[in-house]
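Everything in the sequence shown is counted per full-length UniProt numbering, starting at 1 for the first residue and increasing by one.
Note that beta-carbon positions come from the ideal geometry of N, C-alpha and C, so glycine has one too.
Quick caveat, the model's predicted, so the values are computed rather than measured.
Report on the following structure.
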Amino acid sequence: MQYEQQIEALLAQMTLAEKIGQMRQLHGTGETQQQLVREGNLGSVLNVIDADAHEIQRIAVEESRLGIPLLIGRDVIHGFRTIFPIPLGQAASFNPQLVREAARIAAREASASGINWTFAPMIDISRDPRWGRIAESCGEDAYLSSLMGVAMVEGFQGDDLTAPDAIAACAKHYVGYGASENGRDYNTAWIPEVLLRDVYLAPFKAAADAGVATMMSAFHDLNGVPTSGNEFTLRQILKGEWNYDGMVVSDWASVAEMIAHGYAADLRDAALKGVTAGVDMEMASTSYAEYLAALVESGALSLDLIDDAVRRVLRIKFRLGLFDQPYANAAAADSVVAPDHLALARQIAKESCVLLSNQQTLPLNPQQTRVAIVGPLANHAADQLGCWVFDGKPEDSQTPLQAIRELLGDERVQFAQGLPEARSLDQSLFGEAVAAAQTADVVIAFLGEDAGLSGEAHSRAFIDLPGAQLALVDALVATGKPVVAVVMAGRSLVLGELQDKVQAILYAWHPGTMAGPALADLLFGLDNPSGRLPISFPRTVGQVPIYYNRKNTGRPPSEDAPSIPTGTPLDPSGFTSSYLDVDHRPLFAFGYGLSYSTFSYSNLRLSSQKLAVGDTLSITTTVTNTGKYAGAEVVQLYIRDLVGCMTRPIKELKGFQRIHLEPGQSQTVTFELSSADLSFHNNAMQRIVEPGEFNLWVAPSSIGGLQASFELVAKSKEHRA
Ligand code: BGC
């Protein structure tokens with residue numbers, strides 16, 4: 001807080017125009033931006049790097065009247081030059097430590113280019129794989145997204161935000177963007193307040209508590225009010241209830257877009273509504289620049305609100321130490337795509353891959369196997385990087401084909417792409433692929449989505465393997481050779497048909513620069529898959545949204561219902577909450593993932609059968625590696641609150657631990673569960689801890705595991721957490 005006085009001193013010297021300048025952010029650099037900076041009329045730019053960043057920062061510091069440095073923002077989403085798996089893939093690692101290290105590296109690399117602010121992490125709870133931006137998210141669960149978001153914030157910002165290799169993080173998109181109706185980007189979201197508080201706001205609260213420097217308001221309309229003009233979420237909850245003292249930036253032109261939403265009459269009205277709601281800086285559009293001065297001078301907008309916004313902008317600049325060191329971190333220039341960065345990228349790519357099925361085909365023997373490498377993603381240096389890679393370079397990518405050739409030698413690898421690109425319907429190359437398959441012991445088919453099928457404004461209504469990929473698989477299967485599918489994608493895809501055809505599926509998301517070595521390690525048993533699903537995989541798009549922590553309903557479907565072949569209407573088997581033409585359960589559940597080894601769970605013990613409000617329960621289980629391979633297991637803790645004043649989800653993740661076990665080795669795993677972990681919001685929006693019976697599971701996924709029960713006890717019926 002040592003800089004609060006400096007903020008006040010600076011604010012006292014600023015003209016109204018200079019204050020409004022601090023509330024503006026423009027894209028790029030050119031004469032216009034440079035002149036605005038020189039005049040003190042621009043506080044931030046985005047997408048300006050290297051020499052351009054240095055020059056515009058120099059103008060701010062040396063030529064503007066007050067010398068206030070610029071915030072220089074960029075979407076450093078899953079790496080800068082060294083590209084890590086897409087955030088959804090990183091979430092599948094269930095390894096926050098590794099996610100933190102990846103963000104640390106991304107910050108170091110970005111700081112070398114003069115960037116001091118990233119628009120990440122994206123922590124929108126995402127339960128709809130049609131939505132292209134699910135790729136940028138940490139999935140469907142509030143607990144997992146909170147942990148991953150905090151890890152990214154800590155990684156970007158480091159221990160000391162003034163350090164030359166630290167950059168400010170930005171939790172986005174506040175809030176509820178992932179609930180856009182029917183998965184169409186920018187669409188309306190309706191989220192009841194209880195759900196908003198229990199689920200959608202939770203990762204943002206965690207990020208705020210972890211000291212995230214900034215937050216970004218969103219594009220969409222939430223419950224009838226656009227999120228960039230939403231006083232309730234921004235002013236009341238974020239800045240009021242949470243007392244958040246960081247800065248809020250709008251999303252790209254989202255202040256001006258309130259006109260199209262039908263919430264603002266014109267740009268003047270949009271500016272008034274944006275500032276009143278608590279958007280401190282306007283990105284890209286110019287309503288603040290054009291109208292704030294007149295709004296203040298006419299008395300329509302109080303100067304106090306302007307001053308509050310400017311203080312927040314300046315606070316971030318002081319927190320970053322920009323007044324002392326505004327320029328790029330030259331010392332980090334040599335570290336860009338350095339060997340230790342690539343090593344971390346390889347490790348996190350490995351830990352993010354999820355083995356979905358395996359008929360004892362994997363791992364392959366690296367000494368003997370002759371492989372046919374097929375598929376549009378086997379050797380595509382750009383697509384393996386995924387969406388949102390402004391600075392990642394395909395020439396840094398190591399592809400699966402390259403890595404497998406390096407491991408096995410050229411003689412044992414036949415390559416035939418089979419399809420010119422992921423979306424292609426052209427079957428003219430199938431013959432070559434079939435010929436390659438015939439020479440091999442096993443076919444590895446690299447399938448999935450090209451990078452352009454996910455990300456912003458890239459939603460899909462069909463979430464199958466695109467193009468003629470399934471037909472290619474049919475042609476390969478017809479050779480009689482075993483087929484292993486490696487799927488790279490920016491979302492959960494519908495995989496039932498593929499699963500029926502192939503011997504194994506390894507789900508790799510978009511794994512980044514080191515996709516090749518990471519996948520070669522896993523396919524050939526040099527390492528063991530250990531990723532777990534951060535989202536439920538639907539059997540068909542008709543099940544969407546599908547997520548594990550749903551409510552039970554009054555007519556719950558049976559958990560051991562016979563599975564219904566997709567699309568085959570059966571007669572109703574009772575009036576339960578299910579489908580006539582598809583199993584109600586996901587194809588692959590949240591938390592699920594196989595290993596080459598097997599793990600058994602035993603001896604579940606609780607420190608007590610009763611947990612008093614304010615106390616903590618210790619939960620202990622023994623986990624044993626009962627297979628032949630060393631490997632990691634992600635041990636998960638779920639609870640269910642059986643009866644509540646609000647109905648409670650059938651399961652809620654409350655903890656997980658990633659442990660490494662040698663064959664035959666056992667380890668005792670202990671979770672601490674506090675009564676506060678059991679809190680939720682009641683209809684009066686109080687966060688309560690409600691006594692009653694709970695079930696808990698220590699489990700390898702959101703299905704199954706060892707079960708126990710305990711009772712939460714308190715003197716009075718309801719306690720404030
Ligand atoms: C996206 C944001 C991003 C911003 C700046 C917008 O279109 O929604 O997530 O940070 O652009 O590039």
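Which of the three DSSP states is assigned to residue i in this structure?
| i | result |
| --- | --- |
| Val371 | strand |
| Thr276 | helix |
| Gly211 | coil |
| His54 | helix |
| Tyr200 | helix |
| Gln543 | helix |
| Ala206 | helix |
| Tyr596 | coil |
| Ser701 | coil |
| Ala485 | strand |
| Tyr291 | helix |
| Pro428 | It should be noted that the sequence gives Ser, not Pro, for residue 428. Three-state result, Ser428: coil. |
| Leu447 | strand |
| Val477 | helix |
| Thr668 | strand |
| Gly183 | helix |
| Arg687 | strand |
| Ser675 | helix |
| Ala12 | helix |
| His78 | coil |
| Ile404 | helix |
| Ala437 | helix |
| Ile564 | coil |
| Ala422 | coil |
| Ala378 | coil |
| Ile83 | strand |
| Val194 | helix |
| Ala270 | helix |
| Ala309 | helix |
| Ala17 | helix |
Based on DSSP bridge pairs, tell me the residues matched to residue i.
| i | result |
| --- | --- |
| residue 759 | Given that the chain is displayed from residue 1 to residue 721, the structure contains no residue 759 and the question cannot be resolved. |
| Glu282 | Arg24 |
| Leu314 | Answer is none; Leu314 lacks a bridge partner. |
| Glu652 | Ile639 |
| Glu633 | Ile659 |
| Glu411 | Bridge partners of Glu411: none, in fact. |
| Arg460 | Answer is none; Arg460 lacks a bridge partner. |
| residue 803 | Since the first residue of the chain shown is 1 and the last is 721, residue 803 is not available in this structure. |
| Ile72 | Val45 |
| Val442 | Val371 |
| Met216 | Val249 |
| His681 | Arg687 |
For residue i, count neighbouring Cβ atoms within 10 angstroms of its own Cβ and tell me buried if that reaches 16, exposed if not.
| i | result |
| --- | --- |
| Arg65 | exposed |
| Pro565 | exposed |
| Glu633 | buried |
| Leu26 | buried |
| Glu718 | With a pLDDT of 49 at Glu718, under the threshold of 50, the modelled position of this residue cannot be trusted; read the value that follows with caution. The residue in question, Glu718, is exposed, as its Cβ has fewer than 16 Cβ neighbours within 10 Å. |
| Phe575 | exposed |
| Lys19 | buried |
| Glu297 | exposed |
| Asp266 | exposed |
| Phe628 | Reading off the sequence, residue 628 comes out as Lys, not Phe. It counts as exposed. |
| Trp131 | buried |
| Ala218 | buried |
| Trp190 | exposed |
| Phe524 | buried |
| Glu241 | exposed |
| Gln414 | buried |
| Ser530 | buried |
Against chain B, does residue i count as a neighbour if the rule is that its beta carbon must be under 8 Å from one of theirs?
| i | result |
| --- | --- |
| Gln360 | In the displayed structure, chain B is absent; only one protein chain is listed. |
**OP:** Taking only runs that begin and end inside the region 600-629, name each unbroken beta strand (DSSP E) of 3 or more residues, in chain order.
**Re:** 610-612, 616-625
Original post:
Whose CB is closer than 5 Å to a heavy atom of the ligand BGC? List the residues in chain order.
Top reply: Asp75, Phe119, Asp251, Trp252
Original post:
Which parts of the region 320-369 are runs of the alpha helix (DSSP H), unbroken and 4 residues or longer, counting only runs that do not cross its ends?
Top reply: 339-352
Original post:
Residue ranges of each beta strand (DSSP E) run of no fewer than 3 residues wholly in the region 220-267, ordered along the chain?
Top reply: 247-249
Original post:
What residue ranges within the region 96-177 form continuous alpha helix (DSSP H) runs of no fewer than 4 residues, ordered along the chain?
Top reply: 96-111, 142-157
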